[in-house]
Each structure stands twice: as structure tokens, then as C-alpha cells.
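Respectively, the protein sequence lines represent chains D and Z. When the count follows numbering that gives the first Met the number 0, it moves up by one through the first sequence with no breaks and lands on 334 for the last residue. When the count follows numbering that gives the first Met the number 0, it moves up by one through the second sequence with no breaks and lands on 121 for the last residue. Don't be surprised by glycine CBs; every beta carbon is placed ideally from N, CA and C.
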Amino acid sequence: MKFFRFFGTAAAVLLACGCASEAPVSRTFFAMDTVMTVTAYGSEKLLTQCGERIAELDSLLSAQKPDSDTSRLNASEGKETELSSDTAALLCKALDFCRETNGIYDPTVYPLVKEWGFIGGDYKIPDSSRISKLLVNTGFEKITLNGNTASIPAGFELDFGACAKGYAADELKKILTENGVKSALLDLGGNIQTIGCKSDGSPWIIGVADPFSPSESAGTLLLSDCAVITSGGYERYFIGDDGKRYCHIIDPRTGCPADSGIASVTVVGQNAARCDMLSTALFIMGTDEAIDFWRSSDDFEMLIITEERKMLITEGLSEKYTQSENYSGAEVIRK
Amino acid sequence: MKLNKKVVILAAVCAAIFVSAAAVCFFLFSRPCGRLVRITSAGETVAVIDLASAENYTFEVTCAEGVNKIKIEDGTICVSEADCPDKTCVKMGRLGGGMPIVCLPHRLVIEFISSDTDAVAG
């Protein structure tokens, strides 16, 4: 009888293991100029809702879609423009962040992003007089926003490239959690949003792309319930006729691609839109200023990899991080 | 102790289920991790390749927007050539434990099906 009980119990346990956890559902979308994958322990219907929401935000926020709010504002020639509540909410967040960083993050550098060729792929190094001329038509201070009505001076253009994906992650998180999803992983073109833990209760294992070999991982972070967003100069860049490498992140102070000595900065926090903007601003700031900014804040952690392959990690992340063999010890930054 | 025929049959059935389930578990968990690669074009899977056993070869994935030439060499995979404007997929080099290889203009993604990470920030 013991023989029977043993096999009976073992077979039941094995069958139960196969049925106990609900299978995750996953879907890939191409939107916001990137590829996005949403994986959730929930229904297929929710993924459809997520896809529709991404498409809606893309159509409102993209500066490259002629009928978007952003394009209408950019073509408004200084006139007041009525925005959707999404665009107005994101513009409000962006302006707050511009003020917080004294314009190191500034969505009005879009004409310079285009001039350097990062939109059409026609890369070139503009001459300094052209850069100076374009810089005249930048500056977040000139944007006004009252409720859902915004205006920018004629000749100004803005884009939400450094925060739209983060905002989308926040919105998708809202849809999923309000519908009872306790465990999900959103990968919006390398902008990661985790909801809860994995189905087995363990934290998500999030790799950080190696800026010197992006198809490899520089290390991994064990995280749950947070956004993880990296900015780096390794994905969209070109090598100029002068042999120098130019990345797509424009420093609003110079009108030129940022050259701060940071190869990549990864930000971990609760609000994805804020983490998205933070990663861009910290990348432009450079290591010292980024550390000062982190010390004066209390809502994010960061991992910096410098052009000299030095790794710096803030104390809140250091215990959750395992680095790859390609890097030697990370310096822990403390408050 | 004498077992009657019904109990013996039941035990045999349970044993068979146990052995089959154990075999399935062994098969699933003993496969080399992080070597199975999926190639998708516009969200549709066009190939799943086990790099651990794949021979060296080059093939093309064609879509309405253009062509990506995919090269498998010594257990690695990369996009060797593409007629997309930015060539980001070619610049990505070999697929590793980091970000997937993506060609946005052609909506092509090459990624490990199983890897050491759940996602990669980058």
C-alpha cells in the first residue's frame, strides 16, 4: 500500500505543479518608434486594451505623425492649441522637470535633434552658426500651459521622445493593476516596468545593457514593482567625418550631442515618465552633477557606466546588483 | 501482503503518470538555457533556432519594407547585412545576454527564448 501511496502522491504533486500557476499572456507591439512587449498574468483582453492605449498615446504624442497634438502645437505659429488631457498632463510633467533640472532636460531641442539628422537618418555635423541660430528657438520657459491649452512661440518645436515611453509605461501599469493584475513585465523598447514580482514570488531579473556591447549585459538587477530606464549613446549615434562619435541626446546648453563622459545611466524608480526624463538629464549632466542631483533627491536610484568603463551605483541598488565578468567592482555612491 | 488486481493496475497507472511527468520535467529543465533563438517579423515567428546545434549558414528574412541577411556562425547569430536606412540591427553585432537585435524599419526581432534575464534595460 505504501508503494501505491508514494506513486499516487508523487503523480498528483507533479500534475498539480503543472496546473497551479496561471500561464502568462504576452504580446508585442511596434509603436513609438520601437518594439514593445507586454507580458502579464492576466487576460488576453487586457493586452488588447494595452495595445490600443499605446496606439492612442503614439498618435497623440509623436512629433512625426502630422495629426498628433505635438505636431499641431509645433505647427501652431504661436497660436494657442487645445491638447488632449494626456498630452497636457505629460507636458505639465515635462515642464516641472525642466524647471527642476534648470533646463538640462528640455523638450524644445527638437529642431536640433532634426538638424543633426537623428530623425530622418541624414546625419551631419551642422556648422556652429547654424546651431546658434537654432538654439535661439529653444527654451522651455517660453512654453505656456493653462489647463489643456498650450502655446509655443512661432519657430519652436518640441517632442516627447525622452518621456513618452515612460508615460506609456505608467498608463499601461494603471490599466493592468486596476484590472487586478499582480504580476507583469513591460518592455517598452528597453524601458522596463515591473508590476509585482514573478509568479513564483521572486524578483524580476533585469539586465542592464552593456553600452560597449549592447547585445551583452553589463550586469543584472533583482527588482519588483518599479521602472528601470536606461539612457545611453550606444544605440542611436553616428561617426562624423572628424572620426568622432555623436549620440542622439542633445545637450540644450550647447545644441550638440551630449559628451559628458557617461556611456549609459540606468534609473530605477516608481514613476516611469520621471525615470525616463531623469535618465536623459543625468546622461547630459555627467557623473559629478548626476551624483549631486541624486543626493538631493529621494525618489530614484541609479547605475552609471562611464566612457572609461567605470561603474558607479547608488547605495539603494548596490545589494540588488550583480555585475557581469566584463566589469570589475562597482563604486557605491552614498548619500 | 497481498495486493488485489485493481490496486496493482491503479499503482501501475500512477507509476506511468509519474514516470512520464518526470521525463517531461527532465526534458524541459535539462535543455541548454539561453541557446534557443526566436526570429519574428512583424510580430510573426519566422524561425526558432537552437544555436547550440545550428550549423553555420546565412539566410534572408524578407518583408515588404526590405531584407535582413541573418548569419549563424559558430553558435552565434547576427544581422550581417540589411537594406534598412539606419543599419542599427547590423551595428548591434552578435546576439548576447543583453538587448535583442531589433530592426525597426523591417519590424524584425531576434531574441533568446530563454535567458538568464527576464528583460534588459537599454
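* Asked: The beta strand (DSSP E) spanning D/Ala289 covers which residue range?
  -> Counting along the chain, D/Ala289 falls outside any beta strand (DSSP E), though it belongs to the alpha helix (DSSP H) covering 286 to 294.
Margin query: According to DSSP, D/Ala280 sits in a beta bridge with which residue or residues?
Written below: DSSP, once it has assigned bridges, lists no residue as partnering D/Ala280.
Reference D/Thr143; option with closest CA among D/Ala93, D/Tyr166, D/Gly188, D/Asp275: D/Ala93
Between D/Phe139 and D/Gly195, is the Cβ-Cβ spacing less than 8 Å? no
For the stretch 18 to 43 of chain D, list every residue whose C-beta sits within 7 Å of some C-beta in chain Z, in sequence order. Thr27, Phe29, Asp32, Thr33, Val34
Problem - Inter-residue spacing [alpha-carbon to alpha-carbon] between D/Leu157 and Z/Leu50 - result: 44 Å
Practice item. In angstroms with no decimal places, state the Cα-to-Cα distance between D/Ser263 and D/Asp57. Key: Straight-line Cα distance between these residues: approximately 26 Å.
Same chain, Cβ closer than 7 Å to D/Glu170, neighbours up to 5 away in sequence not counted
Arg52, Leu56
Strictly below 9 Å CB to CB, what residues from chain D border Z/Ile100? Taking a Cβ-Cβ threshold of 9 Å, the residues of chain D close to Z/Ile100 are Ser214, in chain order.
**Coil, strand or helix - D/Gln192 by DSSP** = strand
(Q) 8 Å is my cut-off, CB to CB: does D/Leu184 come that close to chain Z? (A) yes
| Residues sharing a beta bridge with D/Val267, DSSP | D/Val227, D/Glu300
* Cβ of Z/Ala120 within 8 Å of any chain A Cβ -> Judged by its chain identifiers, the structure shown contains no chain A, and its protein chains are D and Z.
Check each candidate in D/Phe299, D/Phe211, D/Asn147, D/Ala30 and name the one with the smallest Cα separation from D/Val227.
For D/Val227, the nearest C-alpha among the options comes from D/Phe299.
Taking the C-alpha atoms as reference points, what is the distance between D/Cys337 and D/Ser278? Chain D is shown only over 0 to 334; residue 337 of chain D falls outside these bounds and no answer can be derived.
Quiz item: For D/Glu79, which option in D/Asn147, D/Leu45, D/Ser25 has the closest C-alpha, if you only look at C-alpha atoms?
Solution: D/Asn147
query = Taking Cβ-Cβ distances shorter than 8 Å, what residues in chain D pair up with Z/Gly74?
reply = What Z/Gly74 touches in chain D: nothing, since even the nearest Cβ is about 14 Å away.
Exercise. When the Cα atoms are used, what is the spatial distance from D/Phe223 to D/Gly200?
Worked result: The sequence shown places Ser at residue 223 of chain D, not Phe. Taking the straight line joining both Cα atoms gives about 10 Å.
Going by the DSSP bridge assignment, what does D/Asp250 pair with across the sheet? D/Cys255
Review point. Which stretch, first to last residue, makes up the beta strand (DSSP E) that contains Z/Cys62?
Key: It spans 56 to 62 - the beta strand (DSSP E) in which Z/Cys62 sits, taken as one unbroken run.
- Query: Whose CA, out of Z/Pro104, Z/Arg37, Z/Arg106, Z/Gly97, lies closest to the CA of D/Ser212?
  - Reply: Z/Gly97
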